[in-house]
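Structure first, commentary second.
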Amino acid sequence: MQSSLHRVLADSIALVGKGRAGWIERPRSDASPHPPAALLGEAEPALLAMGGAVVDDGPTGVKAPDGGWGWAVLFGCFVITGFSYAFPKAVSVFFKELIHEFGIGYSDTAWISSILLAMLYGTGLGLALNFQPSLIMLNRYFNKRRPMANGLAAAGSPVFLCALSPLGQLLQDHYGWRGGFLILGGLLLNCCVCAALMRPLVAPKSSGEPEPRRPSQRLLDLSVFKDRGFLIYAVAASIMVLGLFVPPVFVVSYAKDLGVPDTKAAFLLTILGFIDIFARPTAGFITGLKKVRPYSVYLFSFAMFFNGFTDLTGSTASDYDGLVVFCIFFGISYGMVGALQFEVLMAIVGTHKFSSAIGLVLLLEAVAVLIGPPSGGKLLDATHVYKCVFLLAGAEVLTSSFVLLLGNFFCMGKRSEAARPEATASAAEELHKPPMDVRVDSQEVEHFLKAEPEKNGEVVHTPETSV
0 MQSSLHRVLA DSIALVGKGR AGWIERPRSD ASPHPPAALL GEAEPALLAM
50 GGAVVDDGPT GVKAPDGGWG WAVLFGCFVI TGFSYAFPKA VSVFFKELIH
100 EFGIGYSDTA WISSILLAML YGTGLGLALN FQPSLIMLNR YFNKRRPMAN
150 GLAAAGSPVF LCALSPLGQL LQDHYGWRGG FLILGGLLLN CCVCAALMRP
200 LVAPKSSGEP EPRRPSQRLL DLSVFKDRGF LIYAVAASIM VLGLFVPPVF
250 VVSYAKDLGV PDTKAAFLLT ILGFIDIFAR PTAGFITGLK KVRPYSVYLF
300 SFAMFFNGFT DLTGSTASDY DGLVVFCIFF GISYGMVGAL QFEVLMAIVG
350 THKFSSAIGL VLLLEAVAVL IGPPSGGKLL DATHVYKCVF LLAGAEVLTS
400 SFVLLLGNFF CMGKRSEAAR PEATASAAEE LHKPPMDVRV DSQEVEHFLK
450 AEPEKNGEVV HTPETSV
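Quick note on numbering: the sequence shown equals residues 0 to 466 in numbering that gives the first Met the number 0.
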């Protein structure tokens, strides 16, 4: 009996000693929340080069579940993204009717899409009340699968564009543009249902310990402007938006100007959206690959270049078939841009600052989106040549791709090289630390012996496994 007790006590001391040696050791309060770059493997240093937060469990302190209720959040974000992005483009099918109704020019009608997108990007009102919170919630629920989740959510835009564009033309033919707007507005109310799916992640309450007081956070964290990677991204994205939305706004009017029937012209947006449906999840899946994810910023730069080059070649279209080919390639490039833009931003600033970063980026893009389509319409009113509009849009998107590529290559490359000696020194300090004291006192042994043994196969609920 005594030898059996000694054996149990010895095993207990060994287990507690291993816990003290590092199995269940908690990090010190003064320790850095991020491991040294030299210990992160091959993928993480590339993310750190763009200012990315590699270890980031979200502001709530709860690890992203990467599934579970997150799939319901993903569905809600899919629908909200679809309405938020497809509706401003789908209203372009009403432009010809509005021109005849009010006797205005293309630059005036282009303000409709521009104001809708500017409200989405800049004011935080209108469609932004749906879009931005849903995107933030999606990135709280997904971490490892975040590129795929962003790609699937972004696919909502082309799916709804495929439906809303011909539906808008059908509603205009039967009820006029006023009745069509009323019915489309009623459909937008379905976003309220999707908002009910958004549940905040809450850490499980511990029964014994009082909850730690969290420091108050600013409504808008302007410290992101100190991040060089964020500044480069914001400038490139603002230039890109100048020309990104111009082709979808004018392609239907371009086809009608060539003598294409109204229904057939509206079908161009359906083709664009159908290709976009497959491009976005595919781009998200490819970006999520282990060897590709560290270089997502370069993939995003390529997507912008591809989109701008497509605009330049699309300016040579002279018939309906040429516009169909343009819409196919534009859908591929546009889908890549849509799937990567917020994933790259998340990699740059991390989860903690993502809500502030996306608000500031969209605010800057709002100014650009107010300038882009109306300036294209003004150019069209002056020249009456659609080729000039597409050339201008392509040049703007191409410029943004070079800004992002060269800014990341030269500015961020130097920053990552400067950070390597510090990371190496930090790793060396970790390796040369004296071994932890594995001795245990009697109180720890008594606490261990009094603890109830876990049942075989029982899951221990911790903040890492509970949502």
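Glycine included, every Cβ here is placed at the ideal spot set by N, Cα and C.
These figures come from a predicted structure and were not determined experimentally.
Secondary structure remark: continuous alpha helix (DSSP H) runs of at least 4 residues inside the stretch 369-405, in chain order: 385-405. Here residue 303 really is in contact with residue 400; their C-beta atoms are around 4 Å apart, less than 8 Å. For residue 333, the enclosing alpha helix (DSSP H) has its first and last residue at 319-348. Sequence-distant Cβ neighbours of residue 111 in its own chain, meaning closer than 7 Å and more than five residues away, are 90. Nearest to residue 363 by alpha-carbon distance, out of 227, 236, 332, is 236.
For residue 179, the closest C-alpha among the options 93, 128, 132 is that of 93.
The stretch 297-321 is shown to contain no whole alpha helix (DSSP H) run of 4 or more residues. Between residue 355 and residue 145, the alpha-carbon positions lie close to 19 Å from each other. The residues 263, 264, 267, 319, 322, in chain order, have a CB closer than 8 Å to that of residue 254 in the same chain once the five nearest residues on each side in sequence are set aside. Taking all protein chains in view, the Cβ of residue 156 is crowded by 16 or more other Cβ atoms within 10 Å, so the residue is classified as buried. Put simply, of 284, 140, 231 the residue whose alpha carbon is nearest the alpha carbon of residue 66 is 140. Straight-line spacing of the CA atoms in residue 280 and residue 193 works out to 21 Å. Short of 6 Å from the beta carbon of residue 71, and not among the five residues preceding or following it, lie these beta carbons of its own chain, in chain order: 196.
DSSP places residue 63 in the coil class of the three-state scheme, outside both helix and strand. In the DSSP assignment, residue 275 falls within the alpha helix (DSSP H) that extends over 261-286.
Contact between residue 151 and residue 73 holds: CB atoms are separated by about 6 Å, below the 8 Å threshold. Between residue 231 and residue 406, the gap from beta carbon to beta carbon is short of 8 Å. With fewer than 16 other Cβ atoms inside 10 Å of its own Cβ, residue 382 counts as exposed.
Counting every other CB atom within 10 Å of its CB across the protein chains shown gives residue 88 a total of 16 or more, marking it as buried.
Per the C-alpha coordinates, the member of 83, 386, 366 positioned closest to residue 191 is 83. Pairwise C-beta distances place the stretch 288-306 in contact with the stretch 339-357, as three or more of them are shorter than 8 Å. A direct Cα-to-Cα measurement between residue 241 and residue 275 gives close to 20 Å. Within the same chain, and ignoring the five residues on either side of residue 390 in sequence, the residues whose Cβ sits closer than 6 Å to its Cβ are 314. Residue 167 has its alpha-carbon roughly 10 Å from the corresponding atom of residue 160. When C-alpha distances from residue 271 are compared across 245, 328, 292, 287, the shortest belongs to 328.
Around the beta carbon of residue 198, fewer than 16 other beta carbons lie within 10 angstroms, which makes this residue exposed. Counting along the chain, the unbroken alpha helix (DSSP H) around residue 167 starts and ends at 155-187. Cβ-Cβ separation between residue 385 and residue 261: approximately 17 Å, too far for a contact (criterion under 8 Å). Per DSSP, residue 139 is one residue of the alpha helix (DSSP H) stretching across 127-140. For residue 99, the enclosing alpha helix (DSSP H) stretches over residues 94-101. Beyond the five residues adjoining it in sequence on each side, residue 147 comes within less than 6 Å, by CB distance, of 283, 284, 287 in the same chain, given in chain order.
Around the beta carbon of residue 189, fewer than 16 other beta carbons lie within 10 angstroms, which makes this residue exposed. Taking all protein chains in view, the Cβ of residue 143 is surrounded by fewer than 16 other Cβ atoms within 10 Å, so the residue is classified as exposed.
The continuous stretches of alpha helix (DSSP H) do not include residue 289, and DSSP gives it neither H nor E.
Selection 81, 113, 108 evaluated against residue 368 yields 113 as nearest (Cα-Cα). The Cβ atoms of residue 392 and residue 247 do not sit closer than 8 Å to each other.
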